[in-house]
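In order, the protein sequence lines correspond to chains V and D. In terms of the working numbering, the first sequence opens at residue 1 and continues consecutively. In terms of the working numbering, the second sequence opens at residue 1 and continues consecutively. The structure appears right after this line, and notes come after that.
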Amino acid sequence: MSGVDEGGGDLSAVVRELAGVVLGADPLEAVLDLVVSLARETLPGAKDVSVTVGDGDVLTTQHATSEDAVVLDHVQYGNGDGPCVASVREGRPQNVDIEAMTTRWPEFAEAARDRGVARVLSVPLQARGATVGALNLYAANPDAFGPEEETRARLFAHHAAVVVANAAAYASAEARTAQLLEALESRDVIGQAKGIVMVRERCSPEEAFDVLRQVSQRTHRKLRDVAQEVADAAAAERRHR
Amino acid sequence: MGPLEAARQRASLSMQDLWLAYIGLGGSASLAQLNDFVAGGAAADSHDHDLVAQALNERFIDLGQGMPVPYFDEL
């Protein structure tokens, strides 16, 4: 790899460091922090770096070295186009200077110019044959990324993709757990309300559900909110007894 | 395609997210069982039908589209 080692850190050392990431042992933020700081080390011309995660439909910035990078990413998500969005969609790097940006994505180019960015290199992150996101490198120098740097960035992205894909899978498992907890809380409140209705109406759990469901349908409110009201009212009654 | 599956697709709700909502409303079927009666045409009892209809209607409330999915007694 000596041919691509000039002008930046030792790429093989960077790769070793990426390979050493242990999922779960390091918090997600720390893993992504490592990826962007190693990217900056590998491509010293980049003043800001961000990692986008998503498959094209929904893109989110998982980590960035500055607020400017977050804003520039979001301008692209909002427009549904830009170097990062195009690299994810087309599965190949987008390496553009301010002139090319102005032609292709005028609104994005303006936002970039406002933030002193004159060259953007977005490289897709591909793992297990699928594009899982992009690595975005923002530079002040319009000549910051030539073919040499692009090759370095691709090699870096090749190794970073696996780490980012794993981190994203880990994050989605965590989000799943949070959703499940929310479902259990809702189920608990609805269970309480059903019990209250069953006693009052001397009915079955299914009939109690129906009573609550009909209130929800009449008032266009969620069953959980209707149930919460029933449970709160019963608690208030108990206090006044 | 049954009305529940049509509504699920219109609401862009994954089967897994529908299952979570169904569990949150008090449902007890597994994800595989839910898949069978929503998308696979297996018979569901009235209560399970109404749980799924409610889950979908609450999604439509979030989307600002009212509660368009019919309950069992409206079919």
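C-beta: ideal position from N, C-alpha, C; glycine also.
### Message
In the DSSP assignment, the beta strand (DSSP E) including D97 (chain V) goes from what residue to what residue?
### Response
The residue labelled residue 97 (chain V) in the question sits at position 97 within the first sequence. From DSSP, the beta strand (DSSP E) with D97 (chain V) extends over 94-97.
#### Entry: Own chain partners of G116 (chain V) with C-beta closer than 7 Å, once the 5 adjacent residues on each side are dropped
To locate residue 116 (chain V), count along the first sequence from 1; it is residue 116. A140.
#### Entry: Other residues of its chain near V14 (chain V): CB distance less than 7 Å, five sequence neighbours each side excluded
Against the first sequence, residue 14 (chain V) aligns to sequence position 14. Same-chain partners within the cutoff: L38, E41, T42, F156.
### Task
Could you tell me the distance, in whole angstroms, from the CA atom of G41 (chain D) to the CA atom of V36 (chain V)?
Counting from 1 along the second sequence, the entry for residue 41 (chain D) is found at position 41. Counting from 1 along the first sequence, the entry for residue 36 (chain V) is found at position 36. Cα to Cα, G41 (chain D) sits roughly 48 Å from V36 (chain V).
### Query
Looking only at its own chain, which residues have a Cβ that is under 8 Å from the Cβ of E107 (chain V), when we skip the five neighbours before and after it?
In the first sequence, counting from the first residue as 1, residue 107 (chain V) sits at position 107. Cβ within range, chain order: V75, N79.
### Query
Using a Cβ-Cβ cut-off of 6 Å (strictly less than) and excluding sequence neighbours within five positions of A19 (chain V), which residues of its own chain qualify?
Counting from 1 along the first sequence, the entry for residue 19 (chain V) is found at position 19. Closer than 6 Å at the Cβ level, and outside the excluded window around A19 (chain V), lies no residue.
### Query
So is Q54 (chain D) in contact with chain V if we call contact Cβ pairs under 8 Å?
Here residue 54 (chain D) refers to the residue found at position 54 of the second sequence. By this cut-off, Q54 (chain D) is an interface position.
### Message
Can you look up V58 (chain V) in the DSSP assignment and give me helix, strand or coil?
### Response
Against the first sequence, residue 58 (chain V) aligns to sequence position 58. Of the three classes helix, strand and coil, the one that applies to V58 (chain V) here is coil, per DSSP.
### Query
Just checking my contact of T245 (chain V) with V53 (chain V) at CB under 8 Å: how many whole Å lie between their CB atoms?
This structure gives no information on residue 245 (chain V), because the portion of chain V shown stretches from 1 to 241.
### Query
Excluding the five sequence neighbours on either side, which residues of its own chain have a C-beta within less than 7 Å of the C-beta of S72 (chain D), listed in chain order?
Taking the second sequence and counting its residues from 1, the one referred to as residue 72 (chain D) is at position 72. At residue 72 (chain D) the sequence reads Phe, which differs from the Ser that was named. Hits under 7 Å: S46, H49, D50.
#### Entry: Within 8 Å of chain V by C-beta, residues of the stretch 57-69 of chain D in sequence order
N57, E58, I61, G66, M67
#### Entry: Between the CA atoms of L125 (chain V) and V38 (chain D) - distance to the nearest angstrom
The residue labelled residue 38 (chain D) in the question sits at position 38 within the second sequence. The residue labelled residue 125 (chain V) in the question sits at position 125 within the first sequence. Straight-line Cα distance between these residues: approximately 35 Å.
### Message
Less than 8 Å between CB atoms is the rule here; does Q228 (chain V) satisfy it with respect to chain D?
### Response
Sequence index remark: in the first sequence, residue 228 (chain V) carries index 228 (1-based). Closer than 8 Å: no.
#### Entry: Contacts of R187 (chain V) in chain D (Cβ-Cβ under 9 Å)
Working through the first sequence from its first residue, we reach residue 187 (chain V) at position 187. Here the neighbours are I23, G24, L25, G26, G27.
### Message
Would S2 (chain V) pass as an interface residue toward chain D - the criterion being a Cβ-Cβ separation below 8 Å?
### Response
Position 2 of the first sequence holds residue 2 (chain V). Here the model assigns S2 (chain V) a pLDDT of 42, short of 50, so the residue's position is not dependable, and the following value carries that caveat. No, no contact with chain D.
### Message
Tell me the DSSP secondary structure of K47 (chain V) in three-state form.
### Response
The residue labelled residue 47 (chain V) in the question sits at position 47 within the first sequence. Three-state result, K47 (chain V): strand.
### Query
With 8 Å set as the bound, which would you pick, yes or no: does the beta-carbon of G191 (chain V) sit closer than that to a beta-carbon of chain D?
Your numbering for residue 191 (chain V) matches position 191 in the first sequence. Taking Cβ atoms only, chain D reaches closer than 8 Å to G191 (chain V), which makes this a yes.
### Query
Apart from the five residues on each side of it in sequence, which residues of its chain come closer than 7 Å, Cβ to Cβ, to L223 (chain V)?
Against the first sequence, residue 223 (chain V) aligns to sequence position 223. Contacts found: I190, L212, R213, S216.
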